[in-house]
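*Asks:* Would you mind keeping the following structure in view while I ask a few things?
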Amino acid sequence: MIESLHYLPPAGGTHSALSERFTDLAPPLTARQAAIESARCLYCYDAPCMRACPTGIDVASFIRNIHDHNIEGAAIKILQQNIFGGSCARVCPTEILCEDACVRNHDAEGQPVRIGLLQRHAIDNAEFKGHPFQRAPSTGKTIAVVGAGPAGLACAHRLAMLGHGVVVFEAREKPGGLNEYGIAKYKLPGDFAQQEVEFLLSIGGIEIHYGQALGDNLQLADLHACFDAVFLGLGLAASRRLGLTGEDAPGLMAAVDYIATLRQASDLAALPVPRRAIVIGAGNTAIDMAVQLKRLGADEVTLVYRRGFEAMSATGHEIEIAKTHFVRIRTWAAPLEVLLDGDGRVRGMRFEETRLEDGRLVNTGAIIEIAADAVFKAIGQGMAALADPLAPGLENELEHERDKIRVDAHFRTALPGVYAGGDCVAPGQDLTVQAVQHGKLAALAIHNDILSKAEAAWPT
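In the numbering used here, the protein residues as written are 80 to 539.
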């Protein structure tokens with residue numbers, strides 16, 4: 080996929096110099112800073128920050144542990160609810176979740192307690208002699224998990240804790256899902272994502288098979304027949320199309336594909352980097368793409384969105400990151416045409432200005448052309464096709480809501496014994512922290528359903 084950019088020059092500088100641009104977005108707290116920050120917490124009863132956390136972390140309790148110099152205790156409090164507490168401390172939009180709910184978040188205080196940085200401090204500095212959680216006695220049951228991303232691995236870990244055996248099937252060559260392939264490199268630098276997975280797997284009872292793609296060399300019917308339950312943590316692998324002529328031309332590609340290549344690159348200096356780039360989209364992925372291009376040395380990066388700033392799904396914090404990197408943001412412009420040069424390569428895009436009329440987005444007829452050596456689309460993703468609708472198969476029996484799998488309140492799909500969670504289910508916010516919660520809650524539902532069946536089958 081990134082081969083479509085082969086004609087572009089490589090990033091300027093050396094791998095070592097470029098790597099310095101992809102260190103942590105925010106430096107960690109020192110022990111002294113953590114002590115001072117933890118002292119700001121009021122340890123509220125029925126803390127609003129805890130209620131705002133999708134995984135239900137007892138924020139006040141873990142911060143009190145930090146204040147009392149009990150780092151391991153703080154980390155355990157976090158990991159009990161969110162086994163991906165380390166990565167979520169770095170990538171979670173705390174500014175619209177726990178920190179937004181903090182009672183210190185008012186003008187007189189100036190800022191809320193820095194919960195995300197305190198969570199990172201606890202996880203990064205905890206020194207466990209072994210895995211902090213023990214497996215329950217074996218139930219003799221084995222569950223298949225499809226997808227080794229945050230939802231699938233969170234489900235696998237909780238099932239292992241409950242005494243079940245777990246076999247994870249992953250399409251790629253590494254585990255981690257979005258954390259490994261889809262997060263901006265400056266948010267999860269180095270091999271942090273893999274270290275976190277290794278820690279998670281150290282509980283035991285979980286095995287992973289790679290190169291296994293559902294609907295290709297892995298069939299849901301086989302999993303359903305061979306395992307006591309199946310959890311689908313498929314993510315959203317298919318990038319949506321613009322629907323424009325020239326969309327497959329060299330120089331136009333999905334932002335997520337470039338980000339994945341960037342995260343796996345052994346030599347950043349070898350990456351093709353456009354001098355001028357357009358990023359189409361309004362979410363955090365669009366911001367990640369634009370900022371990383373600037374860090375790689377692109378001269379001019381323009382993010383284009385068809386609505387206004389207030390409608391952008393990227394958080395205000397993310398938008399400020401883009402602005403500090405001198406990313407140009409052009410709102411009220413809808414993609415109209417891909418402009419190609421004489422060799423059939425991208426040379427820019429034509430947009431049509433938009434506006435709201437009676438609450439509806441309409442085109443105005445005014446045309447804008449932006450020159451670019453490459454265009455990256457970050458307009459959302461959908462689920463890849465799992466099955467041929469004309470062929471029989473259990474995949475066809477899954478109910479869908481738009482382009483996601485429909486589940487009930489306990490993450491059960493329409494197929495008995497098959498559960499799903501994370502970005503592939505509706506409703507969903509496409510947040511890592513929410514995917515972790517889905518996996519955890521689905522594991523509890525699987526466990527309870529399996530025990531209920533066993534009790535029903537037991538002779539009276």
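Where is the CB? At the ideal position from N, CA and C, for every residue including glycine.
Alpha carbons only, please: which of A457, L473, P506 and R491 is nearest the one belonging to R481?
*Replies:* The residue given as residue 481 occupies position 402 in the sequence shown. The residue with the shortest Cα to Cα distance from R481 is P506.
*Asks:* By how many angstroms is the C-alpha of C171 removed from the C-alpha of G255?
*Replies:* What you label residue 255 is simply residue 176 of the sequence shown in a count that begins at 1. What you label residue 171 is simply residue 92 of the sequence shown in a count that begins at 1. Each residue's alpha carbon lies about 16 Å from the other.
*Asks:* Taking the alpha-carbon of L323 as reference, which of Q160, L418, L382 and E397 has the nearest alpha-carbon?
*Replies:* As a first step, residue 323 must be located in the sequence shown, where it is residue number 244. Nearest C-alpha to L323: L418.
*Asks:* Tell me the start and end of each unbroken beta strand (DSSP E) in the region 461-507 that is at least 3 residues and wholly inside, in chain order.
*Replies:* Taking only runs of at least 3 residues, the beta strand (DSSP E) segments lying wholly in the region 461-507 are 483-485 and 497-499.
*Asks:* I'd like to know whether the C-beta atoms of A131 and F141 end up nearer to each other than 7 Å.
*Replies:* As a first step, residue 131 must be located in the sequence shown, where it is residue number 52. As a first step, residue 141 must be located in the sequence shown, where it is residue number 62. Not a contact, by the Cβ cut-off of 7 Å.
*Asks:* I need the DSSP call for H200, collapsed to helix, strand or coil.
*Replies:* The sequence position of residue 200 within the sequence shown is 121, counting from 1. Three-state DSSP puts H200 in a helix.
*Asks:* Within a Cβ cutoff of 6 Å, which residues of the same chain sit near L104, ignoring the five residues on either side of it in sequence?
*Replies:* Against the sequence shown, residue 104 aligns to sequence position 25. So the qualifying residues of the chain are Y265 and K266.
*Asks:* To the nearest whole angstrom, what separates the beta carbons of A334 and A457, a pair I think is in contact under 8 Å?
*Replies:* As a position in the sequence shown, residue 334 is number 255, starting the count at 1. As a position in the sequence shown, residue 457 is number 378, starting the count at 1. Correct: roughly 4 Å between the Cβ atoms.
*Asks:* Quick one: what's got a C-beta closer than 8 Å to A412's C-beta in the same chain, skipping five residues either side?
*Replies:* Translated into the one-based positions of the sequence shown, residue 412 becomes position 333. Closer than 8 Å at Cβ, skipping near neighbours: V383, Y384, R385, F430, E431, E432, T433 and I447.
*Asks:* On a Cα-Cα basis, can you pick out the residue from L84, A308 and Y260 that is closest to A499?
*Replies:* Looking up residue 499 in the sequence shown gives position 420. Of the listed residues, the one whose Cα sits closest to A499 is A308.
*Asks:* Compare the beta carbon distance of H404 and E174 with 7 Å and say whether it is the shorter of the two.
*Replies:* For the purposes of this step, residue 404 is taken as the residue at position 325 of the sequence shown. For the purposes of this step, residue 174 is taken as the residue at position 95 of the sequence shown. Going by C-beta atoms, H404 is not nearer than 7 Å to E174.
*Asks:* Go through its chain and collect everything with a Cβ distance to I398's Cβ below 6 Å, but skip five positions before and after it.
*Replies:* As a working note, residue 398 is residue 319 in the sequence shown. None.
*Asks:* What are the start and end residues of the alpha helix (DSSP H) that includes R111?
*Replies:* Position 32 of the sequence shown, counting from 1, holds the residue named residue 111. Element bounds for R111: A110 to A118.
*Asks:* Quick check: S259 and G165, are their CB atoms within less than 7 Å of each other?
*Replies:* Taking the first residue of the sequence shown as position 1, residue 259 is located at position 180. Taking the first residue of the sequence shown as position 1, residue 165 is located at position 86. It should be noted that the sequence gives Glu, not Ser, for residue 259. No, the pair does not count as a contact, with Cβ atoms beyond the cut-off.
*Asks:* Which term fits G427, buried or exposed, when burial requires 16 or more other beta carbons within 10 angstroms of its beta carbon?
*Replies:* The sequence position of residue 427 within the sequence shown is 348, counting from 1. The residue in question, G427, is buried, as its Cβ has 16 or more Cβ neighbours within 10 Å.
*Asks:* Since A356 is in the alpha helix (DSSP H), which residue starts that stretch and which ends it?
*Replies:* Taking the first residue of the sequence shown as 1, we reach residue 356 at position 277. Here A356 belongs to no alpha helix (DSSP H); instead the beta strand (DSSP E) covers R355 to G360.
*Asks:* If you draw a straight line from the C-alpha of A300 to the C-alpha of E474, how long is it?
*Replies:* Taking the first residue of the sequence shown as 1, we reach residue 300 at position 221. Taking the first residue of the sequence shown as 1, we reach residue 474 at position 395. Straight-line Cα distance between these residues: approximately 8 Å.
*Asks:* Using a 10 Å radius around the Cβ and a threshold of 16 neighbouring Cβ atoms, would you call N527 buried or exposed?
*Replies:* Here residue 527 refers to the residue found at position 448 of the sequence shown. The residue in question, N527, is exposed, as its Cβ has fewer than 16 Cβ neighbours within 10 Å.
*Asks:* At a Cβ threshold of 7 Å, is G165 touching chain B?
*Replies:* Judged by its chain identifiers, the structure shown contains no chain B, having just a single protein chain.
*Asks:* Just the Cα atoms here: how many angstroms apart are L196 and Q112?
*Replies:* The count along the sequence shown starts at 1 and reaches residue 196 at position 117. The count along the sequence shown starts at 1 and reaches residue 112 at position 33. Taking the straight line from one Cα to the other gives about 10 Å.
*Asks:* Assuming F141 is part of the alpha helix (DSSP H), what are its boundary residues?
*Replies:* For the purposes of this step, residue 141 is taken as the residue at position 62 of the sequence shown. From DSSP, the alpha helix (DSSP H) with F141 extends over V138 to H146.
*Asks:* Using a Cβ-Cβ cut-off of 8 Å (strictly less than) and excluding sequence neighbours within five positions of I400, which residues of its own chain qualify?
*Replies:* As a first step, residue 400 is located in the sequence shown; it is residue number 321 there, counting from the start. Cβ neighbours of I400 beyond the five flanking positions: L104, I366 and V370.
*Asks:* Could you tell me which residues DSSP puts in a beta bridge with L293?
*Replies:* Your numbering for residue 293 matches position 214 in the sequence shown. Answer by DSSP bridge pairing, in chain order: L297.
*Asks:* Hey, how far is the Cα of K253 from the Cα of T218?
*Replies:* Numbered from 1 along the sequence shown, position 174 holds the residue referred to as residue 253. Numbered from 1 along the sequence shown, position 139 holds the residue referred to as residue 218. Approximately 28 Å, taken between the alpha carbons.
*Asks:* Can you check whether the CB of G501 is closer than 7 Å to the CB of A230?
*Replies:* For the purposes of this step, residue 230 is taken as the residue at position 151 of the sequence shown. For the purposes of this step, residue 501 is taken as the residue at position 422 of the sequence shown. Yes. Within cutoff.
*Asks:* Only counting the same chain, and skipping five residues up and downstream in sequence, which positions put a Cβ closer than 8 Å to that of A215?
*Replies:* Locating residue 215 in the sequence shown gives position 136, counting from the first residue. If we look at A215 and ignore the five residues flanking it on each side, its Cβ neighbours are M240, L241 and G242.
*Asks:* Could you give the first and the last residue of the continuous alpha helix (DSSP H) run that contains E151?
*Replies:* Your numbering for residue 151 matches position 72 in the sequence shown. I150 to Q160 is the span of the alpha helix (DSSP H), which, as asked, contains E151.
*Asks:* In angstroms, rounded to a whole number, what distance separates the CA positions of M84 and G330?
*Replies:* Counting from 1 along the sequence shown, the entry for residue 84 is found at position 5. Counting from 1 along the sequence shown, the entry for residue 330 is found at position 251. Looking at the sequence provided, one finds Leu at residue 84 rather than Met. Roughly 5 Å separates the two Cα atoms.
*Asks:* On the CB-based measure, 16 or more other CB atoms within 10 Å of its CB, does V441 come out buried or exposed?
*Replies:* Numbered from 1 along the sequence shown, position 362 holds the residue referred to as residue 441. Exposed.
*Asks:* Examine the ligand GTP and report whether any of its heavy atoms sits within less than 6 Å of the Cβ of L435.
*Replies:* This structure simply doesn't include the ligand GTP, nor any ligand for that matter.
*Asks:* Pull the bridge partners of G427 from the DSSP assignment, please.
*Replies:* Taking the first residue of the sequence shown as position 1, residue 427 is located at position 348. DSSP, once it has assigned bridges, lists L418 and A450 as partnering G427.
*Asks:* Closest to P495 by CA distance: which of D295, C503 and A524 is it?
*Replies:* Position 416 of the sequence shown holds residue 495. Measuring from the Cα of P495, the nearest candidate turns out to be A524.
*Asks:* Considering T403, what are the terminal residues of the alpha helix (DSSP H) in which it resides?
*Replies:* On the sequence shown, position 324 is the one that residue 403 refers to. Where T403 is concerned, the enclosing alpha helix (DSSP H) stretches over G395 to T403.
*Asks:* Just checking my contact of P89 with A348 at CB under 8 Å: how many whole Å lie between their CB atoms?
*Replies:* Residue numbering aside, residue 89 sits at position 10 when the sequence shown is read from its first letter. Residue numbering aside, residue 348 sits at position 269 when the sequence shown is read from its first letter. At roughly 6 Å, the Cβ-Cβ gap stays under 8 Å, so P89 and A348 are in contact.
*Asks:* Do you know offhand how far E379's Cα is from A344's?
*Replies:* Locating residue 379 in the sequence shown gives position 300, counting from the first residue. Locating residue 344 in the sequence shown gives position 265, counting from the first residue. Near 23 Å, if we compare the C-alpha coordinates of A344 and E379.
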